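These protein sequences, in sequence, are chains E and B.
Quick note, the first sequence lines up with residues 123 to 316 if you use our numbering.
Quick note, the second sequence lines up with residues 123 to 316 if you use our numbering.
Protein chains: 2
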Amino acid sequence: MLSSEDKILDATRRCCERWGIERVTVDDIASEAGVSRATLYRLFPGGKDILFEALRVRELDEFFTRMLTEIAGAESFEDLLVRTIVTATLELRADEHLAIMLATEPGETLGQLTAAGVPRIIRVATTYLTPLVTPYLDDRQSAQLIDVLARATISYFLAPSEHFDLGDPVSARSFIRPLLSVFHPHTTSLNDSL
Amino acid sequence: MLSSEDKILDATRRCCERWGIERVTVDDIASEAGVSRATLYRLFPGGKDILFEALRVRELDEFFTRMLTEIAGAESFEDLLVRTIVTATLELRADEHLAIMLATEPGETLGQLTAAGVPRIIRVATTYLTPLVTPYLDDRQSAQLIDVLARATISYFLAPSEHFDLGDPVSARSFIRPLLSVFHPHTTSLNDSL
DNA sequence: TGACACTGAGACGGTTTATGTCTTAGTGTC
DNA sequence: GACACTAAGACATAAACCGTCTCAGTGTCA
Chain E
123 MLSSEDKILD ATRRCCERWG IERVTVDDIA SEAGVSRATL YRLFPGGKDI LFEALRVREL
183 DEFFTRMLTE IAGAESFEDL LVRTIVTATL ELRADEHLAI MLATEPGETL GQLTAAGVPR
243 IIRVATTYLT PLVTPYLDDR QSAQLIDVLA RATISYFLAP SEHFDLGDPV SARSFIRPLL
303 SVFHPHTTSL NDSL
Chain B
123 MLSSEDKILD ATRRCCERWG IERVTVDDIA SEAGVSRATL YRLFPGGKDI LFEALRVREL
183 DEFFTRMLTE IAGAESFEDL LVRTIVTATL ELRADEHLAI MLATEPGETL GQLTAAGVPR
243 IIRVATTYLT PLVTPYLDDR QSAQLIDVLA RATISYFLAP SEHFDLGDPV SARSFIRPLL
303 SVFHPHTTSL NDSL
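Set out below in structure tokens:
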């Protein structure tokens, strides 16, 4: 049995696919979730804005949780980075909800991926991925690397390049390798190289 | 250069694909059309309802206009009927706007195809097709035949059958042929056979 | 030039819809 | 029986939408 929170967030997702972020109402979401409006406001005080925030947080958490299981067995630093961006790219491409939102509400959705939402993405990515990277880099370098890779992954997802296909392990490796000379594991910091 | 009416109807179409019939506002349509609200109300007094009515009328007209060019060269009564339902079926299947509306607003759209909108469909179909049928049938028979074929075409479009594929000329012919024994060109009337 | 038709912008009052809070009564649990 | 949780819905407030209207700007034709 799903918790009321999850039912409501699921309903939020379906409703904003259907009506769009602007047009959806709290009533829509409540009745789609099979929950009274009072309950919704009790669980998510603040209404629509809070609801969408919570939804984005949940989806980011799910995104990186799924990712962690995929990239678990990496055996080298390079392998870890390649798996990370390949998995992230494939997951982004397979995300139907994201595709629908990009098609129907490009403005808001792109904003979440490239502007307003970027800090949250970076924060969550750092939280999830830092433990995997710290065997190879110090905290500062880890954070910098994750920042760069997250932005690159998003960019290549949104606007495919003729030079790299980050969904393909071979191509992704050719993208990662030059970066390794910048992020020397346990030797130099990024700043030394800039 | 499109007339303001056409710009507005095009905008209506795009808007109700995007926001849905219920959620769309006159402001949406006006700004999508690049026209002021005042102009819209001047050209379509009555607002949304009148607008959708006008849109449906226009689309029906376009539908049958396109159809007439396809079924022009029919050489026999049977051939005419087969071409008619095949062309109509294929056109329905190729109609992206219709597909979107069926997916996003099935209730209203189905109503327009099967209930509330049927009289208009029959009326327009009769207007366009009667001239082609009158060489073979009298007016009353023509109207009855068109009525039956229109309903059948819609039904088989909405719910494909395992027995007939009205988009396929061969199958459509096997569907039409039994009807010919009911609608004897210039011999018996439908009522005689019932 | 002046009459005319048409338009965009936007003000207006009235109506509908959505919001957020609150109360009440019902249900299941410990 | 106390407790937590919920649906339903009343309520006032706020926002959005509607339909009409005025006004000023633009282009056209005589």
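Cβ atoms here follow ideal geometry from the backbone N, Cα and C, with glycine treated the same way.
Small disclaimer: the values here were computed from a predicted structure and weren't measured.
Cβ distance (whole Å) where residue i is taken to contact residue j below 8 Å
i: E/Arg159; j: B/Arg145; result: The pair is not a contact, with the Cβ atoms about 19 Å apart (cut-off 8 Å).
i: E/Leu214; j: E/Phe297; result: With 8 Å as the limit, E/Leu214 and E/Phe297 do not qualify as a contact, their Cβ atoms being about 16 Å apart.
i: B/Ile268; j: B/Val255; result: 7 Å
Short Cβ contact (8 Å threshold) for residue i with residue j
i: B/Arg136; j: B/Glu154; result: yes
i: B/Val246; j: B/Leu177; result: no
i: B/Thr275; j: B/Ile207; result: yes
i: E/Trp141; j: B/Gly233; result: no
i: E/Thr134; j: E/Phe185; result: no
i: E/Ile130; j: E/Val148; result: no
i: B/Leu190; j: B/Leu271; result: no
i: E/Ala237; j: E/Thr248; result: no
i: B/Ala277; j: B/Phe286; result: Note on identity: in this sequence residue 277 of chain B is Ser, with Ala being the wrong assignment. Going by C-beta atoms, B/Ser277 is not nearer than 8 Å to B/Phe286.
i: E/Ala216; j: E/Arg205; result: no
i: E/Gly289; j: E/Leu212; result: yes
Residue i (DSSP reduced to helix, strand or coil)
i: E/Thr309; result: Any reading at E/Thr309 needs caution, since the residue's pLDDT is 46, under 50, leaving its predicted position unreliable; the model's value is listed next. Residue state, collapsed to three classes: coil.
i: B/Arg140; result: helix
i: B/Leu316; result: Note that B/Leu316 has pLDDT 42, beneath the 50 cutoff, so the model's placement of it is unreliable and no number is given.
i: E/Glu75; result: Chain E is shown from 123 up to 316; residue 75 of chain E falls before or after that span and cannot be answered.
i: B/Arg145; result: coil
i: E/Leu212; result: helix
i: E/Met223; result: helix
i: B/Glu184; result: helix
i: B/Phe297; result: helix
i: E/Gly233; result: helix
i: B/Pro253; result: helix
i: E/Leu162; result: helix
i: E/Val240; result: helix
i: E/Met123; result: coil
Of the residues the options, the one placed nearest residue i, counting alpha carbons only
i: E/Arg188; options: E/Ala210, E/Val204 and E/Val240; result: E/Ala210
i: E/Asp201; options: E/Tyr258, E/Asp171, E/Cys138 and E/Leu165; result: E/Tyr258
i: E/Gln263; options: E/Leu288, E/Cys138, E/Gly195 and E/Leu302; result: E/Leu302
i: E/Ser125; options: E/Pro307, E/Asp150, E/Leu162 and E/Cys138; result: E/Leu162
i: B/Phe166; options: B/Val304, B/Glu139, B/Asp128 and B/Cys138; result: B/Asp128
i: B/Thr226; options: B/Asp150, B/Asp132 and B/Glu139; result: B/Glu139
i: B/Leu251; options: B/Leu224, B/Arg299 and B/Phe199; result: B/Phe199
What residues in the stretch 138–165 of chain E have a beta carbon less than 8 Å from any beta carbon of chain B?
Arg140, Trp141, Gly142 and Arg145
Compile a chain-ordered list of the residues in the stretch 222–250 of chain E whose CB is closer than 8 Å to at least one CB of chain B.
Thr226
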